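Engineer: Under the numbering used here, the first residue of the sequence shown carries the number 335, and numbering increases by one thereafter. Once you've had a glance at the structure underneath, I'll fire off some questions.
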Amino acid sequence: MTLNPTRLMATALAAALLTAPISAQQDERARVLDQQIERIFKANEFALPRFGPARWLEDGTAYTSVERAPGTDAGWDIVRYDAATGARSVLIPGSRLAPTGATKPVEIADYVWSDDGSRLLVFTNTQKVWRQNTRGDYWVLHLKSGALKQLGGGAPPSTLMFAKFSPDATRVGYVRANNIYVESIDDGRITQLTTDGSETTINGTSDWVYEEEFGVRDGFRFSPDGRSIVYWQFDTTGVGIFSLINNTDSLYPVITRIPYPKAGTTNSAARVGVVSAAGGATQWIKTEGDPRNSYLARIGWIDANTVSIQQLNRQQNRNDFLTADVKTGAVKRVFRDESNSWVDIVEEVPWIDGGRTFLWMSERDGWQHVYRVPREGGDGQLITKFDADVTDIAGFDEKGGWMYFRASPGDAGQRYLYRSKLDGSGAPERVTPSTQPGTHRYDVAPGGKLAFHTYSQFDRPPVTDVIELPSHKALRTLTDPSAVVAKLQPVLKTTVEFFRIDIGEGVILDGYMLKPSTFDASKSYPVISHVYGEPAAQTVNDAWGGNGMLFHRALAEAGYVVLSVDNRGTPAPRGADWRKVVYGTVGDLSSKDQAAAIRALTAKYPFLDRTRIGVWGWSGGGTNTLNAMFRFPDVYQVGVSVAPVPDQTLYDTIYQERYMGLPQENPEGYKIGSAINFAEGLQGKLLVVHGSGDDNVHAQGTERLINRLIELGKPFDAMIYPNRSHSISEGAGTSLHVYELIARYFLQHLPPGAR
335 MTLNPTRLMA TALAAALLTA PISAQQDERA RVLDQQIERI FKANEFALPR FGPARWLEDG
395 TAYTSVERAP GTDAGWDIVR YDAATGARSV LIPGSRLAPT GATKPVEIAD YVWSDDGSRL
455 LVFTNTQKVW RQNTRGDYWV LHLKSGALKQ LGGGAPPSTL MFAKFSPDAT RVGYVRANNI
515 YVESIDDGRI TQLTTDGSET TINGTSDWVY EEEFGVRDGF RFSPDGRSIV YWQFDTTGVG
575 IFSLINNTDS LYPVITRIPY PKAGTTNSAA RVGVVSAAGG ATQWIKTEGD PRNSYLARIG
635 WIDANTVSIQ QLNRQQNRND FLTADVKTGA VKRVFRDESN SWVDIVEEVP WIDGGRTFLW
695 MSERDGWQHV YRVPREGGDG QLITKFDADV TDIAGFDEKG GWMYFRASPG DAGQRYLYRS
755 KLDGSGAPER VTPSTQPGTH RYDVAPGGKL AFHTYSQFDR PPVTDVIELP SHKALRTLTD
815 PSAVVAKLQP VLKTTVEFFR IDIGEGVILD GYMLKPSTFD ASKSYPVISH VYGEPAAQTV
875 NDAWGGNGML FHRALAEAGY VVLSVDNRGT PAPRGADWRK VVYGTVGDLS SKDQAAAIRA
935 LTAKYPFLDR TRIGVWGWSG GGTNTLNAMF RFPDVYQVGV SVAPVPDQTL YDTIYQERYM
995 GLPQENPEGY KIGSAINFAE GLQGKLLVVH GSGDDNVHAQ GTERLINRLI ELGKPFDAMI
1055 YPNRSHSISE GAGTSLHVYE LIARYFLQHL PPGAR
């Protein structure tokens, strides 16, 4: 066997990270920290009670949920609750979901009711497609007769996707092997609607990049009358193939080939078609433009003869809302949203006034607001009249003339419920009580009179209850985290401190800080800055952060001050200018803001030791950790970069081009934005971590970075997790190992404790 010295050295370095000795005075801190990380990621001691999956029933006064049936192997009961009183009845005992001849009922991964409530569709035996459990088996239960039937006509196990009832509940549509089928429930007759599905032709679901960046998975819809189906078709021919190599699970490597369009390369050709649910030829919708250089991001039905489509151009700075005649395929543009940077898709376009009016979210006036637009088109009427962003629409009381939505005008890290009149009159009204600061989530019932409400704070685990609207009166508590709260009391004894820091030129950033319980302001402490910094997420949220937050608390208790700052360009509700100032050079301004925040904080707070600054992050945060270590070696001494994108040309078309434009049109921006081009600046200690099976952010980028650092003669450490995805969570012990690795690296190279 021939040894590669470079590879051998890198492997030895990585293997040593968990076992390298630390100084004697740190032994106790390390032991306690390890114990706490094990409690979080191994023993799972702080897991919170779950609610659901719950489904509101159509009248908006009751809901169903899934609960473990009493008895061994008794399965799961589907239970009905009166939302206001809590009156409980078992609609479907788990025993009714046992197939003939089976010893136990099927497991319920998800379920859905038919529109008339007469049948139940159960999803089970699931398998992942990319990162979602979207392939499995489906069973239909007829409530009156008790008949339980598996769909698919003898199809291989776990091969059906996205099954759904027709409006009259007599048929179910689903996808198998990239083709769409409709099955008659009573007689089992199966009609295959598409026949050209293959590795490169995808019907009724999506390609990789649409799934990851647009959230397109369920790729077909029944018409309101059940006579037709609208669906996506993707042709991946010509899309670059990325190969993932599994070296560990068999004698010879297994290669998974994924059509993955990297920035500036060829996309799938997407089109939308309508086909009779009884079979026949497809009528293709006649959208304009090159199907490989535009995006059909959303589809839906307006009525039985008309579908809607959101079409974006390749640069994603224009979103056209189209209506299409299903008989001719002719389209009409009824609304256009444009920007000098990018526009976002509207996740769901609500229709009101009996289908005569739709609601559209846009940043056209500098805030993300909701507009009321007639079906025939027009500029739209503003209905959220305030200087603040609408983060999402929560629900409607259309009879009363109200739309419910979330916003947070005063604090970008919080979320509250508001309501506005659908006719655009008056200013928005806050519904969430002022006595409940923090983050609130809502699932509003049909009719808008009740809602599931989940409330949490940074130091307060979430509680879900049923509330009345618009009074916000709590009717019933649905989850009780008191047992976990008791365990958490010692962990949460030091409360979080939120702050705002002025970094100059009128720019003020939001942040939070966690300190050790033994904190002494007269001494100085090492700092670990947790960073994300990309346009996809915030880190500074007054909301329960789960295991990630508990990990940061464990680091703080070990003797660090842990902090995080949201730079400009993160999706905080602080106006469109705040979010879009990074356009074309993502990575540049974010790293400057982060470094400026550290400088300002260490100048303001003497207990932050400016000579002991660490930084870490995952995904976009891993990228910005590289930016920090390479661009600002005078600020940061130690960094841990997990699953980064060192070179932006290696990431996918939809995400990267949305914020950067195409590489061919913005080569200088991609150069300035990519951390790998600044690797010569590395002076401190750096650990880079990646999963070799990451289909999202490919380890290819980390390997290129390793080559660059070797070329530059820079010492660094690296850890590769075989076959793990972007979450690096697959396999026994993996999550524990990752977080112990991160903690150990800081313990070794950024010793905790006051000076």
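All C-beta atoms in this analysis are idealised placements derived from N, C-alpha and C, irrespective of residue type, glycine included. All figures in this text were calculated on a predicted structure; none of them were measured in a lab.
#1: What is the DSSP secondary structure of V915, counted as helix, strand or coil?
#2: Hey, is the segment 953–965 in contact with the segment 1004–1015, meaning 3+ C-beta pairs nearer than 8 Å?
#3: Can you give the Cα-Cα distance for A722 and R753, rounded to whole angstroms?
#4: Taking R414 as the reference, which of P387, T873, P558, V896 has the closest Cα?
#5: Within its chain, find whatever has a CB closer than 8 Å to the CB of L1081; leave out the 5 residues flanking it on each side and keep chain order.
#6: Does DSSP put A817 in a helix, in a strand, or in coil?
#7: Does the beta-carbon of R341 have 16 or more other beta-carbons within 10 angstroms, so that it is buried, or is it exposed?
#8: If you draw a straight line from the C-alpha of R902 to the C-alpha of L716, how long is it?
#9: Pairs of beta-carbons, one from the segment 630–648 and one from the segment 1014–1032, closer than 8 Å: are there three or more?
#10: Please classify P1086: is it buried, with 16 or more other beta-carbons within 10 angstroms of its beta-carbon, or exposed?
#11: Determine the direct distance from the alpha carbon of L897 to that of I536, and round the result to whole angstroms.
#12: Leaving out five residues before and five after L477 in sequence, what residues of the same chain have Cβ atoms less than 8 Å from its Cβ?
#13: Under DSSP, the beta strand (DSSP E) around I1076 begins and ends at which residues?
#14: Using DSSP's beta-bridge definition, name the partner residues of V704.
#15: Report yes if the C-beta distance between Y750 and H774 is below 8 Å; otherwise report no.
#16: Note down the Cα distance separating G781 from E999, rounded to an integer number of angstroms.
#17: Take L812 and list the residues in its own chain whose beta-carbon comes closer than 6 Å to its own, dropping the five residues that flank it on each side.
#18: Counting Cβ pairs closer than 8 Å, one from the segment 910–920 and one from the segment 1035–1049, do we hit at least three?
#19: Let me know the secondary structure DSSP gives V543 once reduced to three states.
#20: Here's the rule I'm using: 16 or more other beta-carbon atoms within 10 Å means buried, otherwise exposed. How should V588 be labelled?
#21: Quick check: S639 and V609, are their CB atoms within less than 8 Å of each other?
#22: Determine the direct distance from the alpha carbon of Q770 to that of E763, and round the result to whole angstroms.
#23: Below 6 Å CB to CB, which residues in the same chain sit around E401 once its five sequence neighbours on both sides are set aside?
#24: Would you report the Cα separation of T395 and A421, rounded to the nearest angstrom?
#25: Counting only the same chain and skipping the five closest in sequence on each side, list residues whose C-beta sits under 6 Å from that of G880.
#26: Using the three-state DSSP reduction, which class does R551 fall into: helix, strand or coil?
#27: What runs of the alpha helix (DSSP H), each 4 residues or longer, lie entirely inside the segment 578–621?
#28: For T725, which residues from the same chain have a beta carbon less than 8 Å from its beta carbon, with the 5 sequence-adjacent residues on both sides left out?
#29: Quick check on the DSSP output: the beta strand (DSSP E) that includes Y993 runs from which residue to which?
#30: I need the DSSP call for D756, collapsed to helix, strand or coil.
#31: I'd like to know whether the C-beta atoms of G560 and T600 end up nearer to each other than 8 Å.
#32: Quick check: K498 and F457, are their CB atoms within less than 8 Å of each other?
Structural biologist: Let me spell this out:
#1: coil
#2: yes
#3: 13 Å
#4: P387
#5: I356, Q360, R363, A364, L367, A892
#6: helix
#7: With a pLDDT of only 41 at R341, under 50, the local geometry of the prediction cannot be trusted, and the value read off the model is given with reservation. The residue is exposed, with fewer than 16 neighbouring Cβ atoms inside 10 Å.
#8: 26 Å
#9: no
#10: buried
#11: 45 Å
#12: L425, I426, G451, S452, R453, L454
#13: First-last for I1076: 1068–1083, but that is the alpha helix (DSSP H), not the beta strand (DSSP E).
#14: M695
#15: yes
#16: 49 Å
#17: F385, T798, D799
#18: no
#19: helix
#20: exposed
#21: Sequence inspection shows Asn at residue 639; the Ser mentioned does not correspond to that position. Cβ atoms of N639 and V609: not closer than 8 Å.
#22: 16 Å
#23: D411, V413
#24: 11 Å
#25: none
#26: coil
#27: none
#28: Q702, F739, R740, A741, S742, R749, P907
#29: Where Y993 is concerned, there is no enclosing beta strand (DSSP E), although the alpha helix (DSSP H) it sits in stretches over 987–994.
#30: Strictly speaking, residue 756 in this sequence is Leu, with Asp absent from that position. In the structure shown, L756 sits in coil (DSSP, three-state: anything other than H, G, I, E or B).
#31: no
#32: no
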